[in-house]
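Trainee: Under my numbering, the sequence shown is numbered contiguously, ending at residue 131.
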Amino acid sequence: MGYAAAHNAIRSKINTDWTAGAYAAVPIAWSNAEFDPPSEDEWIRVTILDGEAFKASFGAATNNSDTYRHSGVVMVNIFAPLNVGDGLALAMADEVASILRKWQHAATKTRFFTPSVSRIGTDGNWFQVNVTCPFERDELF
């Protein structure tokens, strides 16, 4: 399994759990996909950022069993209307964090760790909070 499979699994997990949760009506903007942000309502943007990869183990020379570990971060930008306090944005951040925290996808050997929440503040017409969650996946070559 490679980058495409891992990204598809991550997008599927977020989309399925988000649309089944308390904020199902809040639209999601995905990387390189057409999106027109709502003018007055909240919305989120999901970005999957791949990081460094390294050889994590050495297998026998004849069986292609070397493990390569790929790191990354999922960043979810949460945009809430201005002048309504930070409660809505933080509640949405809690929802995102609960979706990603300790999630594992067996087929792509992807593991998520502890999400972090950062208050960004005012961004144009929005109040922004970011959730970042590191992950890693292993691949045999």
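C-beta atoms are modelled at their ideal positions from N, C-alpha and C, and glycine is treated no differently.
(1) Can we say the region 97 to 106 touches the region 22 to 32, given the rule of at least three CB pairs closer than 8 Å?
(2) Need the endpoints of the alpha helix (DSSP H) that Asn73 sits in, please.
(3) With H, G and I counted as helix, E and B as strand and the rest as coil, what does DSSP make of Tyr13?
(4) Suppose you measure from the CA of Val66 to the CA of Leu80; what does that come to, to the nearest Å?
(5) Between the Cα of Gly114 and the Cα atoms of His(-3), Ser88, Val63, Pro71, which residue gives the shortest distance?
(6) Using only alpha-carbon positions, find the residue among His(-3), Ala83, Asp7 that is nearest to Thr37.
Mentor: On the basis of the supplied data:
(1) no
(2) For this step, residue 73 is matched to residue 83 along the sequence shown. Premise fails: Asn73 is in no alpha helix (DSSP H) and is neither H nor E.
(3) Taking the first residue of the sequence shown as position 1, residue 13 is located at position 23. Three-state result, Tyr13: coil.
(4) Stepping through the sequence shown from its first residue, residue 66 is reached at position 76. Stepping through the sequence shown from its first residue, residue 80 is reached at position 90. Rounded to whole angstroms, Val66 to Leu80 spans 12 Å at the Cα level.
(5) Sequence index remark: in the sequence shown, residue 114 carries index 124 (1-based). Nearest C-alpha to Gly114: Pro71.
(6) Within the sequence shown, numbered from 1, the residue matching residue 37 stands at position 47. Minimum Cα distance to Thr37 is reached at His(-3).
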